[in-house]
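**Q** In terms of the working numbering, the sequence shown is residues 13 to 426. All C-beta atoms, glycine included, are put in the ideal place defined by N, C-alpha and C. Attaching a single structure in structure tokens format; questions to follow.
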Amino acid sequence: MKKVLLIIQREYITRVRKRAFLVMMFAVPLLIAGMTKLIAYVSKDSDQLSKPQKVKVIDESQLFSGKLKNAKNIIFIPTDEPVEKAKKGLDKDEDLSILVISKDYAHTPVQFLSKKKPSLVLTGEVENQMNEIASTNTMLANHIDTALLNQAKKNKVNVNALEVTDAGTKDADVGTSMGVGVACAILIYMSLFIYGAQVMRGVIEEKTSRIIEVIISSVKPFQLMLGKIIGVGLVGLTQFSAWIILSIIATKIGGQHATGGMAQFLVTLQNLPFGYILFCFLFYFITGYLLYSALFAAVGSAVDSETETQQFMFPITMPLLFTYLLSVTVLFRAPDSPLAVWLSMIPFTAPIAMMIRVPFGGVPDWQLFLSMGMMVIGFLFTTYVAARIYRVGVLMYGKKASFKELAKWFFYKE
13 MKKVLLIIQR
23 EYITRVRKRA
33 FLVMMFAVPL
43 LIAGMTKLIA
53 YVSKDSDQLS
63 KPQKVKVIDE
73 SQLFSGKLKN
83 AKNIIFIPTD
93 EPVEKAKKGL
103 DKDEDLSILV
113 ISKDYAHTPV
123 QFLSKKKPSL
133 VLTGEVENQM
143 NEIASTNTML
153 ANHIDTALLN
163 QAKKNKVNVN
173 ALEVTDAGTK
183 DADVGTSMGV
193 GVACAILIYM
203 SLFIYGAQVM
213 RGVIEEKTSR
223 IIEVIISSVK
233 PFQLMLGKII
243 GVGLVGLTQF
253 SAWIILSIIA
263 TKIGGQHATG
273 GMAQFLVTLQ
283 NLPFGYILFC
293 FLFYFITGYL
303 LYSALFAAVG
313 SAVDSETETQ
323 QFMFPITMPL
333 LFTYLLSVTV
343 LFRAPDSPLA
353 VWLSMIPFTA
363 PIAMMIRVPF
373 GGVPDWQLFL
383 SMGMMVIGFL
393 FTTYVAARIY
403 RVGVLMYGKK
413 ASFKELAKWF
423 FYKE
């Protein structure tokens, strides 16, 4: 045990003392805060950042001309010139487009001509206005009072999502929960790759420099692998702890000066069960890291250079990548779906899938405990498998390993 502690100490201190570690520890929260403000600014002023788009309207039906209203960055210009003549103007002005509406527009597609591909916002605005005008024309033709109908449309219904608890009802904060869940999933995904790769690179460096031969003479391969995994993991926990503390401080300070939507977001963020989410995040980070870093260490021991790791990396990281892609596209929309539940139970996918579900609340205790139990069993199993491969692989040189070869190493007797 003493030897394992010495390896942990060496791995931890060596990495923590690096200037890059200290820079990243303070830079990441600042970069995240700056990026958040930049995104908010760009989103607010996005209309002002794009050039006004001029749209010439050639209306053969005479039903839309003069009714299309200028919107943000869209200027409609009615014209009677032929289509071919109007097309010549596209070469002179890249911000010009042509809208051609045929007489039988209901059965013949409306044409939107431009030299460059138009944005979805531009075509969407044109389509929405034309649909509104077409509906109004149809109602007028059938003697329907459009003024009364427009008045009725102004009566909008707002749905306020509330969560019923033993203490009463409270705002469900669905949007904030979704944002926190996706953010946790991304952090878990990135951290497992970053810190797992550090373990793998450390093993490869020691193996290629032949230092491993000297170290193995003093400690058992399993002790060395375990020390490396725990040491690098503690580095990750140190960074996350610093980021969490700095983020809390930034949130408190930002909450005092924030206004409008940002202030509302910070208030809803503070209403989430932060302690519960943090506990789950740390648990799934630690167990997920132990599970994957053991496999990364086994890969590092099986190769002689980092370029040879690709054939082994894809099968290992595929469950992570698969779950990550599902998380940011599907799972956050239905965190309690059967797919989300099953993925949160499988050890190779649970760290990401469960962190999507946790901020929404409502994860049954039995599902959470079962998932945690499976994670513990999972990392114990992968550590056992990786250790048996590692003990042989670290002393193998000049031979390209394959999955068949790894299986042989696993069954070698002590």
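State the CB to CB distance for the pair residue 16 and residue 228, rounded to an integer number of angstroms; the pair is presumed to be in contact (CB under 8 Å).
**A** Residue 16 to residue 228, Cβ: 14 Å. No contact.
**Q** In whole angstroms, give me the CA-to-CA distance for residue 306 and residue 235.
**A** Roughly 12 Å separates the two Cα atoms.
**Q** If you reduce the DSSP assignment to three classes, tell me which class residue 76 lands in.
**A** Three-state DSSP puts residue 76 in coil, outside helix and strand.
**Q** Provide the residue span of the beta strand (DSSP E) that contains residue 340, from first to last.
**A** Premise fails: residue 340 is in no beta strand (DSSP E) and is neither H nor E.
**Q** Just the Cα atoms here: how many angstroms apart are residue 389 and residue 285?
**A** In a straight line, the C-alpha of residue 389 is about 27 Å away from that of residue 285.
**Q** Just how far apart, CA to CA, sit residue 420 and residue 215?
**A** Going by the C-alpha atoms only, they are around 20 Å apart.
**Q** Please state whether DSSP places residue 160 in a helix, a strand or coil.
**A** In the structure shown, residue 160 sits in a helix (DSSP, three-state: H, G or I).
**Q** Hey, residue 145 and residue 68 are a contact pair by Cβ (cut 8 Å); roughly how many whole angstroms apart?
**A** With 8 Å as the limit, residue 145 and residue 68 do not qualify as a contact, their Cβ atoms being about 17 Å apart.
**Q** Evaluate residue 371 with the Cβ neighbour count: other Cβ atoms within 10 Å of its Cβ, from every protein chain shown; 16 or more gives buried, anything less gives exposed.
**A** By the 10 Å Cβ count, residue 371 comes out buried.
**Q** Look up residue 315 in the DSSP assignment and say whether it is helix, strand or coil.
**A** Coil.
**Q** Smallest Cα separation from residue 373: which of 292, 423 and 399?
**A** Here the closest residue by C-alpha is 292.
**Q** Helix, strand or coil for residue 332 per DSSP?
**A** Three-state result, residue 332: helix.
**Q** Alpha carbon to alpha carbon, how far is residue 130 from residue 75? Give it in angstroms, no decimals.
**A** Each residue's Cα considered, the two are about 24 Å apart.
**Q** From 90, 155, 73 and 160, pick the residue whose C-alpha is nearest to that of residue 117; which is it?
**A** When only C-alpha atoms are compared, the closest one is 73.
**Q** With DSSP as the reference, identify every bridge partner of residue 41, one or two as the case may be.
**A** Paired residues: none, contrary to the question.
**Q** Please list the terminal residues of the continuous beta strand (DSSP E) segment that includes residue 66.
**A** Per DSSP, residue 66 belongs to the beta strand (DSSP E) from 65-71.
**Q** State the Cα-Cα distance for the pair residue 223 and residue 13, rounded to the nearest angstrom.
**A** One C-alpha to the other measures close to 21 Å.
**Q** Count the other CB atoms within 10 Å of the CB of residue 240; is the residue buried (16 or more) or exposed (fewer)?
**A** So residue 240 counts as buried.
**Q** Between residue 366 and residue 376, what straight-line distance do the alpha-carbon atoms span, to the nearest angstrom?
**A** Computed Cα separation, rounded: 12 Å.
**Q** Does the distance from the C-beta atom of residue 243 to that of residue 23 stay below 8 Å?
**A** Yes, Cβ-Cβ distance for residue 243 and residue 23 is below 8 Å.
**Q** Going by C-alpha distance, which of 364, 113 and 380 is nearest residue 335?
**A** The candidate whose alpha carbon is nearest that of residue 335 is 364.
**Q** Pick from 288, 246, 108 and 140: whose alpha carbon is nearest that of residue 25?
**A** Closest option to residue 25, Cα to Cα, is 246.
**Q** Quick one: any contact between the segment 204-221 and the segment 345-355, if contact means 3 or more CB pairs under 8 Å?
**A** Judged by Cβ distances under 8 Å, the segment 204-221 makes no contact with the segment 345-355, as fewer than three pairs qualify.
**Q** Per DSSP, residue 112 forms a beta bridge with which residues?
**A** 70 and 123, per the DSSP bridge assignment.
**Q** What alpha helix (DSSP H) runs, 4 residues minimum, are completely inside the segment 191-239?
**A** The qualifying runs are 223-228.
**Q** Quick one, which of 82, 143 and 195 has its alpha-carbon nearest residue 121's?
**A** Looking at the Cα atoms, 143 is the closest of the given residues.
**Q** My understanding is that residue 198 touches residue 310, with C-beta atoms under 8 Å, so please give their C-beta distance in whole angstroms.
**A** The Cβ separation is near 26 Å, so there is no contact.
**Q** Assuming contact is defined by CB atoms lying nearer than 8 Å, are residue 296 and residue 368 in contact in what I supplied?
**A** Cβ distance not < 8 Å, so residue 296 and residue 368 don't count as in contact.
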